[in-house]
Structures are given as C-alpha cells and as structure tokens.
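Colleague: In order, the protein sequence lines correspond to chains P, X, R, L, B and S.
Residue numbers for the first sequence follow the numbering used here, beginning at -6 and rising by one.
Residue numbers for the second sequence follow the numbering used here, beginning at -6 and rising by one.
Residue numbers for the third sequence follow the numbering used here, beginning at -6 and rising by one.
Residue numbers for the fourth sequence follow the numbering used here, beginning at 112 and rising by one.
Residue numbers for the fifth sequence follow the numbering used here, beginning at 112 and rising by one.
Residue numbers for the sixth sequence follow the numbering used here, beginning at 112 and rising by one.
We put the CB at the ideal spot given by N, CA and C, even for glycine.
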Amino acid sequence: MANSKMSTDTMTDTENMLLWYRVNQFYNQETRALDDEDYETWFSMLSEDVQYWMPSRETLFRKDEQADTTKHMNHYNETLQTLQLRVARLYSGSAWAEDPRTRYRHIVSNVEVELGEQKGELKVRSNTLVYRNRLEREEYWLLAKREDILRDVDGRLQVARRKITPDFSSLLSKNLNVFL
Amino acid sequence: MANSKMSTDTMTDTENMLLWYRVNQFYNQETRALDDEDYETWFSMLSEDVQYWMPSRETLFRKDEQADTTKHMNHYNETLQTLQLRVARLYSGSAWAEDPRTRYRHIVSNVEVELGEQKGELKVRSNTLVYRNRLEREEYWLLAKREDILRDVDGRLQVARRKITPDFSSLLSKNLNVFL
Amino acid sequence: MANSKMSTDTMTDTENMLLWYRVNQFYNQETRALDDEDYETWFSMLSEDVQYWMPSRETLFRKDEQADTTKHMNHYNETLQTLQLRVARLYSGSAWAEDPRTRYRHIVSNVEVELGEQKGELKVRSNTLVYRNRLEREEYWLLAKREDILRDVDGRLQVARRKITPDFSSLLSKNLNVFL
Amino acid sequence: MLKSRGFDEVEELKKMIDLKDGRIDRRIFWEDWIYQLELEKLFAKSWLFVAHESQVAKPGDFLTTYMGQDNVIVSRHKDGKVHVFTNSCTHRGNRICFADRGKTRQFNCNYHGWAFGTDGALMGMHEESHYEGSIDKSKWGLQNARVEIYKGLVFACFDNDAPGLEDFLGDYRWYLDIVLDQTEEGTEFIGGCIKNLYNANWKFGAENFIGDSLHVGWTHDSGTKAMTAGGAVPEYMPVDPNSFHANANGHGWEGGIDGIGTLGIMSKGHPELIEYFQSQRDDMAKRLGDLRARKIFGSVISATVFPNFSFLPGISTMRTWLPKGPRQFELRAWTVVNKNMPDNIRDIIQNACMTSFSPSGLFEMDDGENWENATLSNEGVITRKQGLHYGLRVGTSRRDDPELPGNISRPMYSDVNQLAFYQRWLDFLAADSWDDIPKQR
Amino acid sequence: MLKSRGFDEVEELKKMIDLKDGRIDRRIFWEDWIYQLELEKLFAKSWLFVAHESQVAKPGDFLTTYMGQDNVIVSRHKDGKVHVFTNSCTHRGNRICFADRGKTRQFNCNYHGWAFGTDGALMGMHEESHYEGSIDKSKWGLQNARVEIYKGLVFACFDNDAPGLEDFLGDYRWYLDIVLDQTEEGTEFIGGCIKNLYNANWKFGAENFIGDSLHVGWTHDSGTKAMTAGGAVPEYMPVDPNSFHANANGHGWEGGIDGIGTLGIMSKGHPELIEYFQSQRDDMAKRLGDLRARKIFGSVISATVFPNFSFLPGISTMRTWLPKGPRQFELRAWTVVNKNMPDNIRDIIQNACMTSFSPSGLFEMDDGENWENATLSNEGVITRKQGLHYGLRVGTSRRDDPELPGNISRPMYSDVNQLAFYQRWLDFLAADSWDDIPKQR
Amino acid sequence: MLKSRGFDEVEELKKMIDLKDGRIDRRIFWEDWIYQLELEKLFAKSWLFVAHESQVAKPGDFLTTYMGQDNVIVSRHKDGKVHVFTNSCTHRGNRICFADRGKTRQFNCNYHGWAFGTDGALMGMHEESHYEGSIDKSKWGLQNARVEIYKGLVFACFDNDAPGLEDFLGDYRWYLDIVLDQTEEGTEFIGGCIKNLYNANWKFGAENFIGDSLHVGWTHDSGTKAMTAGGAVPEYMPVDPNSFHANANGHGWEGGIDGIGTLGIMSKGHPELIEYFQSQRDDMAKRLGDLRARKIFGSVISATVFPNFSFLPGISTMRTWLPKGPRQFELRAWTVVNKNMPDNIRDIIQNACMTSFSPSGLFEMDDGENWENATLSNEGVITRKQGLHYGLRVGTSRRDDPELPGNISRPMYSDVNQLAFYQRWLDFLAADSWDDIPKQR
Ligand code: FES
Ligand code: FES
Ligand code: FES
Ligand SMILES: [Fe+3]
Ligand SMILES: [Fe+3]
Ligand SMILES: [Fe+3]
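#1: Closest Cβ-Cβ distance between Gly479(B) and chain S: below 8 angstroms?
#2: Would a check of beta-carbon distances place Tyr533(L) closer than 8 angstroms to chain C?
#3: Using beta carbons (cut-off 8 angstroms, strictly below), is Asp160(X) in contact with chain R?
#4: Does the count of Cβ pairs from the segment 160 to 171 of chain R and the segment 119 to 135 of chain X closer than 8 angstroms reach three?
#5: Across which residues does DSSP place Ile385(L) in a beta bridge pair?
#6: Can you tell me where the beta strand (DSSP E) holding Gly303(B) begins and where it ends?
#7: Just checking His331(B) against ligand 5 - is the residue's beta carbon closer than 7 angstroms to any of the ligand's heavy atoms?
#8: Return the Cβ separation of Gly113(P) and Asp145(P) in integer angstroms, given the expectation that the two are a contact with Cβ distance under 8 angstroms.
#9: Which residues mark the beginning and the end of the beta strand (DSSP E) in which Ser178(S) is found?
#10: With the cut-off set at 8 angstroms, would you say Val505(B) and Asp526(B) are in Cβ contact?
#11: Can you list, in chain order, every residue whose CB sits closer than 5 angstroms to a heavy atom of ligand 3?
#12: For Val121(B), is the classification buried or exposed, using 16 other Cβ atoms within 10 angstroms of its Cβ as the cut-off for buried?
#13: With a threshold of 8 angstroms, are at least 3 pairs of Cβ atoms found where one atom belongs to the segment 262 to 270 of chain B and the other to the segment 152 to 159 of chain B?
#14: Any contact between the segment 314 to 324 of chain S and the segment 418 to 430 of chain S? By contact I mean 3 or more CB pairs, one from each, below 8 angstroms.
#15: Could you tell me which residues DSSP pairs with Tyr126(P) in its beta bridges?
#16: Rank Thr63(R), Thr75(R), Asn170(R), Leu122(R) by C-alpha distance to the C-alpha of Lys156(R) and give the top, closest one.
#17: For Arg212(S), return the contacting residues in chain P, with the cut-off set at a CB-CB distance below 8 angstroms.
#18: Between Asn120(X) and chain P, is any beta-carbon pair separated by less than 8 angstroms?
#19: Please name the residue, chosen from Gln389(L), Arg430(L), Lys189(L), Gly479(L), that lies closest to Asp312(L) on a Cα-to-Cα basis.
#20: Report the CB separation of Arg94(R) from Arg55(P) in whole angstroms; it is logged as a contact under 8 angstroms.
#21: Is there a Cβ of chain S sitting closer than 8 angstroms to that of Gln217(L), yes or no?
#22: Starting from Arg154(P), follow its DSSP beta bridges and name the residues at the other end.
#23: Quick check: is the beta carbon of Leu473(B) nearer than 8 angstroms to any beta carbon in chain R?
#24: Could you please give the first and the last residue of the uninterrupted beta strand (DSSP E) stretch that includes Ala404(L)?
#25: What in chain B is Cβ-close to Leu128(X), meaning under 7 angstroms?
#26: Can you find a heavy atom of ligand 6 that lies under 7 angstroms from the Cβ of Phe315(S)?
#27: Would you say Ile100(P) reaches chain R, if we count a Cβ-Cβ gap shorter than 8 angstroms as a contact?
#28: For Trp89(R), go through chain B and note every residue whose CB falls closer than 9 angstroms to its CB, in chain order.
#29: Residues in the same chain with beta-carbon distance under 6 angstroms from Gly354(L), minus the five sequence neighbours each way, listed in chain order, please.
#30: Among Trp89(P), Leu173(P), Leu83(P), whose alpha-carbon lies nearest the alpha-carbon of Pro159(P)?
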C-alpha cells in the first residue's frame, strides 16, 4: 500500500485497518455526542490538556497567505476549561437563544490516520460537514477540515489537539453555537 | 476499545470491524438502489415485517420535548406493503410529477453498529444527507439521523426497523418523494 | 455476505475488507490532494492512460433517456495531458480568477469495491459532495456519483478511468474550476 | 403602506376578474403590489382560522401560527378564554415565543425580559424598577385579535368593523356542521401538525380545494391507481349529476351525495373503518338529518373556508395555506376526528390521512408541482398577459335547491366555486373597509 | 406592467447612453425598472434565436427554451414546420413540458390533462365531456410566436409589427453566411446543450462577444499560456490593422483577416483539423468568395446577433444569454458543425470547443468572475453614479469598405460594436412600437 | 435613484420618530424605500469608519471594506497618506481587488488590465497603445473619498460639503480619547478581522451598543452566569446612580464610573491583566485626567460612533455594522490594544475579547437572534403598524455635568442615547444636503 502514508512499515495492513476502524468508531461516538448535545460524553473524549482551535480565515492573495497562528483571530482557541465554560452557558437555564434547541447534524468523512510523533498518539485528518436547522426555517452550513492529535490513554482514545480549518471567510450566520 | 460501545466483549476487534464493514456494504448497496430508483432491490433488503418510520418534528421548548411516537404525525409510518403502494404510484405510468425523474444523491455516514436485543439482530445508527435536484434548478436538502434494526436472515442482512429523525421542522419542499 | 456484490467467492471477507480499506485510503489521499490543490500528488494517482470523464446531464422524459456517451456534451472528457493543461492554466501566474484561491471541500462516501474485468483492476463506485466557497460569500455545491476503474501498479493504486455523473442539469455557478 | 403606484389599483383589479365568462388575469398570482393589497385588505380584515380548541385545551396551552404574515400566539388564558395576539414584543419588536406549541404561564421576551400573560397583557419587565412607574402597562400589551369559536374551530380577526364569525360563515355553517357536529362531544385535532413549503401562490391551494374536482382524475391518476392496484379512475369517483358545488360568502363545498366515495378510499384494507362509520349514521342523522348524515357525509368532498382554510370531510385533513409572499406559501395540516372515536379508528384515520394527504402522501405529492409551475410560468411577460380559463359550466349549472343552503350548481365538475372565491377576493381588495364589502349569499 | 414610476423613463434612458464620447451609465446593468423594460420592450418585440433546425429535425422533435423569461416550446409539427409557443397551459397556467428536449406526439398538461399539439393547438381535454362543447378550442391554443429560419437558425418573435427576419438581420447575413453557408448541406448542432448560471447582467455576455477583443490578452492570458505551454500572448492574436469591427442593425462581428488565428487554437495537437479546413477553402470560396473563405474564415472572430445570441466562428460555439433578472442570466451553449464533416473532425471540434469554451473551459472559466463583479459592484450608490468607459477608438476608427457590408471600423480593438449594440438597445427601449424603431444600417 | 414614490418621504419619516415620548415606527427597520434613502442620504454623506491606521501601517498595505454598500479600498500610498477609493474599475466596472487585505504596488483589474495606483490613480492599461493617447488618465482614476484620521481611526466621507472629521465627532472626542489616547504610542488593531452575517437591520446593532445596558442583565444572563460560575447578575453590573449616557452629534457613550466593571470580566482567571491596568492608571491620568483614567476607564461601557461604528472600552472590541439591505448586515470586528502593551497582556485581551464578543462568544452569541427577529417580525402588516417603546427615562434623566462633555443623562439605564441616535438619523434622511443638517450638541 505504497500510497497510504498512514503508518510505519512495522505495522501490517490489518493493524492499520484496525486502527482506522477504531478511530472511525471514536469519531462516530463523538459525532453522536455532539449531535445529541451530550457534552458530558464529549468532554470525556477530550484530554485534560486538549487544545481546541478553530482559526478564522481571510480571503487573501496567494502571495500573502501565511501559516495559521493563534495570534490571529480565532473562532475557538479553547482549553477543556473554557469549553466547559461555554457549555455552562448553555445549561445556565437562561440561554434563551438555545431554547428551542438547534437541530444539528455532523457528517464526518475522509478519515486518514497516521502514527503521531509521541508514542500512543495518532495524527488524524478528516473532513466534516455540519448542518444546523433552527426554529421555523433557518438553515446554516459549515464545512471544514479537521486535523487532530488523538492520544491513547489506557486503551481509550482522547482528542489531545484539534485544529478546525473552516471553508468560509465570513461566517454566514448570526453566531457559531456548535462544535465541529 | 473501551470507548466503542459497539459490541459485547465476546467479540474481537476484528470481528467487530468485519461486522461494521458488512453493514457499510449493506448501506452502500441500499444507497445505490435508492439513488438509482431500483426499488426491487431495495425491497429485497427490507424484512417482510419492516417498520419504516419517519416522525415529523416540531420546534418545542426543551421542557415540552417528548419521546417520538407513531401516534404523532409521521412523514412515513410504513409497512412493506404500503412502501410498495408508494412505489406502485411511481410506476403507475401516470406519476406525471416524477417524469422527468428527480436526481437523488444519498450520502450515508457515521455508521455505528452494536448487537441487538434479539439474536441475529444489529442496532445501527447512521447520519444521512439526501440531495434532490429536479428540472431546471430545483434543489432540496434533507438531513437526518437513522436508527435501524438490521436482521441477519440466512447470511443476508435486512432492515427490520428504521427510524428516521429529520433535522427539519417545516419540510422545505413541495413534497417528500424520496426514501431515506 | 450474499448481498455484497463486491468480490468473487475466492476472497475472504477479511480480504475484501482490506481491499475496501485500501481503496478508502486511496480516495482520502486523493481528496486531500484536491482540497489542497496539490495537483502533483493527484497526477501521480492517475494512470498514464486515464480517462477522466464528466458528461453533462439533461432533464429528459424517462422514455427519452439514453446511455451517456462522450459524443454528447461533456464537462470533462480528459486525458492526463489535458488535465495537466488545465492545471497549467492555474499555475500560469495569470489565472486572475483563481487568486484569491477558492476554498474547496470534498466529502466522499458510499465506497463500493468489486474486482474489475482486467486482472489487477477494481471497479469502484462512490458518491461525492463538493463544496466551493469563494471570496466574500460565494457558495456552490456539486453532488455526483463517481464510477472508477482503479488499477494496481506495483502495489500502487491509480485511477485508470473515472466517470462522474453530476446531479445537476444546469450548472448553478459561473464556472467549473474544480475536479471531482 | 403608502399608496404610491400611480394608477388606480381597484380599477385594475376589477379588470382581472371576469365572473361572467370565467376568466382570471394571471397577474393576481404574481404581482407584488397585489400581494401587498392581499395582506392589508384581505388578511388584515378577514376572519381567519387559527386553531382547533383541542390544541389549546387547558389554561396555559398555546401554539403559534400566522394571520397573513403576522405571527400570532393562540393561547388559553386562565379565564378559560382563547386569546390570539401578535407574537412580537411591544418594547423593541423581538419575537416573543419561538415554539410551535407548548404550555406556559407567561411569555418572556428574550431581549430585555418583558413578560406577557397568556392573554397578551404586559405583566412586568426584568429590572422593572428602571421604569419608575413611567409605563402604563395596560397600554403596552400585545395586540389582541377578535376571537370567536365555531364548534371547535377558533377564528381570529384584526378588524373591529368586521361582522361576527357567524355572519362571516353565514349559510356555510350548514356544511361545516357535517364535520364538526356529528356528535355531542364534537371534534379534536390529533397527532400535531405537518408543515411544508410551496413556491407557489397561496390561492392555488385554496381554489384547488374549493372546487377543482376536475384535476383529481388526471393529477391523481397515479395515486388512485396505486390505491386501487392498477384500476382506472375508480367507481367511487363518479360524475353524479346530483353531485354539487355549494358556496356562500366565498366559502365553498363541492362533493357527491353517494355517501360512500371517500369512505371507500379511507377504509381500503380496513373494513372496520367503514363498518364504524355506517354504525354511526343513525346517531349522526339525529343531529344532522338524513341528507347530511346518510347521503353527503362519506362522499368525496373537498371544501375551503374563505380565504385560506381547507378541509376534506372523511379524509379528515384540515389545513391552512399561509402566504409567504406572492410566490410562496406554507401548508400546515392536521387530522381531525370525533372525540368519541375509539383508538383503533383514530389510528386508521390518521394513517390513511397521512398516506393520502401529507407531503409524502399518494395524492398530495402530485399537487405541488402543478401549483408551483402555474405560479412560476407567469414570470414571462407574454405569458402573464394571457387570461386563464375558469369557465367550466359557468352560467349553465346553477341549480339552487331548497334542501341545500347557499348557491348551488350541479354537477360538481365546474368552476363555479372558484369564481365565487375570486368574487369574494375582489370584494375585499376593492373595499376600503367592511362597509364596502357586500354580503355575498 | 403599468407605468407607475413617476418619471419619464425614456428621457432617463437616453441620458444613460452617450454614443459620441462612448460613455454608458452603470444603472443599465442594475436597476429593476430598466430590466422590466427590457423584457417588455426588447425581448417581447425582437427576433430571438431559439434553436437550430437540426435540434428539431423530425416531426415530433421538440425542445424548450426561453424568449426573455417566457418559457417556450420549439417543436417540429407534422406539417414539417417549426412552431414556437408559450409553454404554459391556457387553462390554469401550469407549465406543460418539463423536458429540455425530446420527441412527442402531443403535450399533456399535468394538472387537468389539457392536451396540445406540436403546433400548440388545443387538441382536447381529459374528461372533455364536462365542457359540453362550451369551449372553442381554436381560441385556447398556446400562443404561437412568429417563426422564421435563416439557413438553419430558428428565430422567433412575439411582435406582429416586427419586420421579417431578413430585414432584422439585414447586412449582417453576409457575416452569418461565413458560418452557415460554407457548404450545400449546411450546419447542425451536435452533442446537445451545456447550461450554466451567472450572477451577472446578460448584456455583459452579449457585449463581450460583440467586440471585446481587448479583454482576451489579459483575462485569457492564463488559458492562452496553458494552450501554448507558457508562451506569452501568441502570434495568432495580432493587432492587424486590417482586423475590423462590423455592425449592422445592432448585430456585430469583430475579427481578423489572417484566416488562421482560430484554426491555430482549435487544431492544437490535431494537425488533421487544420488540414481539413484548408482542404475545404476552395469549395467554400465557390460559395462565399475569396475574402470570406480564405481571409476571414479561420481568423480569431467573435460575434453577437442582437440582442442575446453569440457565436465564435471556428471555435464553433453558439450560445444564448438568457436573462433571469437584472443580475442573473443562464448561458446555453452548443457546438455547431457542417453536416458534411467527417466524424473525426466533428469529435476534434467538439472536444476543442468544450476545452476552450464551456464552464470548465480554459478560456470561458475566467470570464464569469469579471461579469459577475462588473454587475455586483453597482450595488454601491456612489459607484453606480460613475459613467463607464466605452470610448476606445470611438469616432476615430470608422473605415467603411466596399468589400465589407455594414458599418466598418478598424482595427478590431475598439468599442465601436459595443456602442452600436447599446444604440440598438436604446432604440428598442425608447420605442413604443416597431414604428418608432429606426433602421440602423 | 429617482424620486418616484408618490408621497412626501420626509414628512412620512418625521412621523416615524417621536423624540418627546420615545416612540419609533417599525417601518424604519423594514421598508426598502427607507433603506435606499439611508444609502443615499446617510451613508453617502456621513463620515464613516473604514480602518485603523495600524492595518495599513506601511506604503502598499491595503484592505477592502464597505462604505454603505460601496466597496472601497483603503490603502497607504507611497506619499505616506492613507487613501480610500471605490473598488470598481472605471473602465467597465469590474471589482478590482478581491482580497480582504494585503500588500501591493498597484491594483490590476482582471478584465482588461487597467492598473491603478495605491492612491487610486489610473496608471496604465494592458496594451495601452490601443488608446492612442485618447484617454486623459487623470480623469479615469478611482473615486477617492475624503480621508481624515482621528488618533489612529481612519474615517472617510464621499460628500465634499461635509464638515471636517473633528467637527463631525465634536465633543465626542473626549470619550474616544479614553480608548485612543491612553498612551503616547497610541493604539493598534491585532489579529485581523472576524466577519459574520446577520439577517437583521443594521441599526439594531448600532443602537444596542449606544445605550442598551438594559438588555445585558437578561439577554446575557447565561453568559454572565457561565463567567461567574452560576452567580446571578454579578456585582460588576451595578445600577450606579452616577452611571451615565453621554451623546453628541448622534454619537453615544454609556457606562459606569466605578472604573472596574469591565476589567473584572476581562481579567477573570488572569489577575495579571487587572494588575497591569491598575499599574497604568497614573500614566493614563497624566494624559486623560483622574476622572477618565481612574473612574471611567475600566467600567462597563459601550459606545457607538454615528452611524455604524461601535466599540467596548476594556473589552477592546471595535466593530462596524455594514448594511447589506434593510434586513441584513455584516458585522466586522477587531481587537484594539495599546501599542505599548506587553505580549502576555495582548494575548489575554485578544482571547478574552474572542471568548466574550465573537460569533462564538459567550455574550455575543445571544444578541443575534434578538436582532434578527426584531427585524423579521415586521413582515406582518398589523405588527408593523405598532410603535416601539424607546421611552425609558426619556425626559426625566437629563443631568448635564460640567465635567462631562455632551448631553448627559443618569443613570445609564435609559433610551436617551438611542433617541439621540435616531434624531441624528432623521437629520440626515430629512436633509437634501449638509446645509440642512443641524449641528446636534
Ligand atoms: S424587545 Fe422584548 S423586551 Fe425588549
Ligand atoms: S392547468 Fe393545464 S390542464 Fe389545467
Ligand atoms: S473592467 Fe477593468 S479593465 Fe476593463
Ligand atoms: Fe389534488
Ligand atoms: Fe472572454
Ligand atoms: Fe448584547
């Protein structure tokens, strides 16, 4: 499988496949948690030291493009604590704009797995489509690339780092009330 | 794989993966049948006693949300017979509104498999995006969660029960002429 | 797995699954190359004699529908050379309309693999959703079916033939500046 | 809205409706200025269906819907009365209630926390002390519409000069009773609401249900064939010379008097349903008389209460065509049953109703494309100048009948009801106030 | 439409077109009221390209397209004549035919089953007996446009006062013949149609093809480089002092007389193509004369037949810019070949045509963004007040030539044809009827 | 635009703004014709914020933004001056620059290659020889707006009759200085821009920031609770009788004088932030005096510079509400810091600013739905006739103060600034030119 970059040669195809399968399961479980607003489960899938990062994008001439940096504006640049802060708002009992709830749907695809730098870490890339439907007829779409570092902690995977690269320059909705 | 809920511990990862792979194949074949309007094939993938159910959703305050019930309005609440009735309409030769045909595309993702209560049954959850394009420029989108009971009948899988939870409250099109 | 058409009985489920996994890896790598405008990598994934074909579709009465043919109008009917010609335009340094770049996202799903007629060839079918976002707020969607012949060349897969069947009759954008 | 179009709108409108020959100008399905007049002179003046009492059975029950494009809350107040009021805060105009339905003690606005009662009254504000008593709360409640209930159906009206609901319905009540007054206990809606969106003018839905039996045999041939396993247009779709159109005040009813046509469809595969209805005929007759209980009820019937509330007796769907602009409307549909029906009958009815007349229904599925394209075709300036044909049996089928209230024509295949609808429509759009609206019998 | 704008539209429009200095007001690409006038006074009055005869070769063959925003059916009737009529039912206005093209004996409306012939005549209705002979079918057919064919190109017109097609085309026929009359057998369209949508004003497409050689070297530098493997603007894009703009009656042709420019592009990688064309020159010359057969044909040429039909001789694309509002149009494009061309030549031409001028084409790909943003920029009220520059070689390049019909200017890099196009555009919008439309030579 | 509405717009507008009782007509948030007047009589005449100098620090630096719906380029020319000019080619109107920001020597149009300098001047064309010197380039440059800079904030204006920026800001500068003039080095924007779209009228954003402290305790209760781990509205949101509204020329400032409210929010989890600010007070006081440096700065404050530029001192967000039609606007937001701030302080500020006031921010997330529905509710013709309440402490809270420039009212919970905003709005829409616009102190 010369054109799979996903692993060292010390692993067999079957091992690689099992790994890929396992990561898919992990994402499917995560997706369900996010679709269902089951944030307790979601937090349990994030590492204590998770960096959850979604930089904003600008429309630039190719010559002016630069690597993303958290110094630039971010939609999210979160730790587990600040993520919990955001969810605390939702459960504060007075997040009026979240009741009735938003109908979310995450479509995760194109999962690519390779071994990470650190032992027990995986580098995973995926694409995601997030659909939001709200109230009578509001519809919003978010498409993005996700680049994760997953960590194996006692046989459980956790997101240690996630970078979400959105495909928009101007967010086409009144807010960003969803995680990707 | 502690954070995969998909099976009993009596199964190995490889067995689970094979099962997941098999279900994916099943859905891919079903999707193709639906995209291609090959309803004969599709019916062969449904059990005699299939319950095909798509409840309608309302926009409610969280405190007023209740479990779905077929007593509530449904977009579909079908048996194999009534599904065949609907397809009979399409093939009646006078379904004017279906000629020219609608261009369908189903994107099925996030397939999660676990063993069902009954022996030989699987509980499967997936997300789906259905795109319809019709005539000159009509475009419609449907996103939904699918919760299936699949049954293994002599080595062939069949849908014994499907619940489709759509992500809309008001259907944003003139009709619902597609199965999910 | 009676209702998987994907292989001869000479292959075990595990072998079939490995094959399917391998094809998924291949597509994920290809998708990344296309999303990232890494055309060098993409070309390396196409065979020297690739036929890259995207016929245009018309809205016809069912009785008038015919099999697609390259004699009919095509969005793409390309060889490796003409594909390179198109990319040469992008890199000509004066493709003004491609700077700033378009933000692409490919979602590939429903991958079905079966052995091809020729030894070492695979017949693969998949669905794809392509999202384009450009400048301030331009958004375009393309959905399509892909039917590929993949060829195994010294353990590397390559696209030998691709037919893309789009789900639109009128392209709802000013141009088609993306590959599917 | 300010008059600013530089031509005499009413004169123009009158030219668009030719009642004598049965011709309608396509512009009424297209022009923005006509739609604006509909909102201001029709929907803001007419009685409009907003709910069934059973949807707001107990104090605190509420739902949200539209009167024209004005979103309103329909709620049962603790005084037991149903109130209907605008769903937009009197402070800065934010929408107050975002749920389709529910149960509440009050409605709090999300923006600054003004709180309104289930009667629309302003009850208080968050940090009210800031106002230092400067606000007379009695003047800042939500705008209530007039509300009247006819045998379970809740209607509302924003015009104080309008006559009462009974006047508005007039002779048409005799027909409404065939659905609403079969039993002492009366009716209720079950299973909630199904909503979907059409890119079409709202009047196509209303006129289709008021008298368009002609389309059934063609548009719905596929559904009918499916239902009858490939048979041609079935015997229960007869051209009975006694079938009729009835209309009064712009409301219309069309149908047969075989007493069985619709029950035939509904009870397909469920003989117990038809048995049930037959067993009810005697009691029905005590309330409605033989004609309505034995000959009309059960026939193929469709009906529209002017302007935008339609229903199918027997099929048991009730629905309203909510305008969303000249080229879009939202359909909201419910299933109506008698309160005293046993559960198994309710289930059969609800399923049959969904199978035939929901967005995925075998019949309804085919209507939308007709209505959308009958609207969209008018984008063409040449096409838009063509008059439409509403002349079927016009001027030849009048058959008034001492036994049947309202204007009667026979048989049911005609455009008589549609024209009565557009006559009423013109009455409203030509009038500056209710004083100018003639009473159409 | 009713006049109701409270100002003198024609006076306002005249100020927007300055032919002397070559200035155009941006509002003509933006304002709704101007677009409405275009539909009513231009597209409803002018001859419009609707099809090539070969698309409806046999009786029963049909296609659907638009005249302005009026959808029409173009079909070959059993009498062998091509008919063009509105695609909207005379009963209630539903669209009748939903296919892009096909073959049929008649057109049945989905709503109530009225049936129309391939000549648009009303043939009958479903359950016709209901009408009891009350309808004079001859009065309820679909509205036919006038149809005239020029050497394979089918044009239609909804205005009975319009002159004949030959008059309308006038001297421009001499240029059309260079494509249409190369052979005895004439031309045909192959491979069907490609459609795509631009969020731009339709006139940007028409004016670009009528005379905008200036944009080629810059907008299409990337495509040209790709085609020529990185060379600069290629030799086959010369500034030949003899290259010219020709226009007549608002129709325009611009191009060179080197006889080779376009063939160079088309035959890239296919020497047999250029050989083929050279081998045809003698026969062509017998029909068209040396000037057209040997010096004009094969050069880089682009052309527009007023108002919205354009083509590229040699490249072999023909296309129409269908208006969908002031800020949107749909492009429909075809490939045209000579009937007597061998298959391999047809294939090369079709592929080359797609590779260069389809939505994914190396050249066409870059035009859309220019046109969309030249339209959208006018959303700004300050920007919208700026006049645009159409002054290139205006008033200095007139070079009439006894050998070339129409108004000639040289060289081809100028705005002369564009101004002739807008002069004609103004003639139509300023006129109440064809009597007021001057004959532009 | 042509006057063509058939009624006296100004008279109508005056009826919509009742300053005495504090009532606003909902139509100003809905009607197309009012929005058109806003573009022509307000945005085309007023000084508008377009950039911070730091965004175009060096020659060649540029960004693109909007003045009304006119897209403009803001760029630093080699002469060191900041130029603001329309981003639409003077040739055929194509947009010239498609990047949000960048660095360039010139701007080349994609269509025909006209090249413009960083001062908007026409520098040349591709294949310029074609023009044979017929174009006076000095007449075909991009339209420059007047540009003036106030302590780093770049404002532009398209009306030559407008007074200077200092006049336009008037007494309000005293408040702006609290943010802009804390240090010798002044301020800069960091981290670029976040943009998002609201389906709401732009004025809801502007009025919310000019004086709507009332909504904070209710709309943002959830965000506040989250920030304070479940506490109620926190102590740093007091109803201090000395808190105030200040307005001048339609610009408004509201806030407290506890000097700590906002710093409390910002430094949550980051004590070093509050320490840093306290350590700066002495230096600040040297520039701003004790009142501004010790009592006003650091309090909860929100502010709007008429018409559509808002900011939150301390929170450090600056933003502009770009109109996209009567029912849509785009918000562009930046983070502003002092140039001399250490990196760790900048990082804390930027993160805190994002966490509270970005589209995903704990506070901002809840505003959008209010504004969108306060706009959309007006689709109803009955609802649209209801007056809105802007009467909080109107006519009772005026408390001018020798220490505070502008019109002062106390405490900060009132609608006084909002009314001053709409008074100014009416001044512009009622005026034909700047001569008619009264100077509001
Ligand atoms: S808008 Fe409702 S409380 Fe202010
Ligand atoms: S609308 Fe065509 S038959 Fe009635
Ligand atoms: S439009 Fe800019 S160069 Fe022509
Ligand atoms: Fe129907
Ligand atoms: Fe071009
Ligand atoms: Fe707020």
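Modeller: With the structure as the only source:
#1: Not an interface residue.
#2: In summary, chain C is missing from the structure at hand, where the protein chains are P, X, R, L, B and S.
#3: no
#4: yes
#5: Looking at the DSSP assignment, Ile385(L) forms no beta bridge with any residue, so it has no partner.
#6: Counting along the chain, the beta strand (DSSP E) containing Gly303(B) begins and ends at 298 to 309.
#7: yes
#8: 4 angstroms
#9: At residue 178(S) the sequence reads Met, which differs from the Ser that was named. In the DSSP assignment, Met178(S) falls within the unbroken beta strand (DSSP E) covering 172 to 178.
#10: yes
#11: Cys200(S), His202(S), Arg203(S), Asn205(S), Cys220(S), Tyr222(S), His223(S), Trp225(S)
#12: exposed
#13: The answer is yes - the segment 152 to 159 of chain B touches the segment 262 to 270 of chain B, with three or more Cβ pairs under 8 angstroms.
#14: yes
#15: In the sequence on display, residue 126(P) carries Asn and not Tyr. Its beta-bridge partners are Arg96(P), Glu132(P).
#16: Thr63(R)
#17: Simply Glu51, Leu53, Asp57.
#18: yes
#19: Looking at the sequence itself, residue 312(L) is Asn, so the reference to Asp does not match. Nearest option by C-alpha distance: Gly479(L).
#20: 6 angstroms
#21: No, no contact with chain S.
#22: Gln44(P), Ile142(P)
#23: yes
#24: Note, Ala404(L): premise wrong, no beta strand (DSSP E); not H, not E.
#25: Around Leu128(X), the beta-carbon contacts reaching into chain B at under 7 angstroms are Phe209.
#26: no
#27: yes
#28: Trp329, Thr330, Asp332, Ser333, Asp477, Glu480, Asn481
#29: Before going further, note that residue 354(L) is Ser rather than Gly in the sequence given. Gly367, Pro522, Met523.
#30: Leu173(P)
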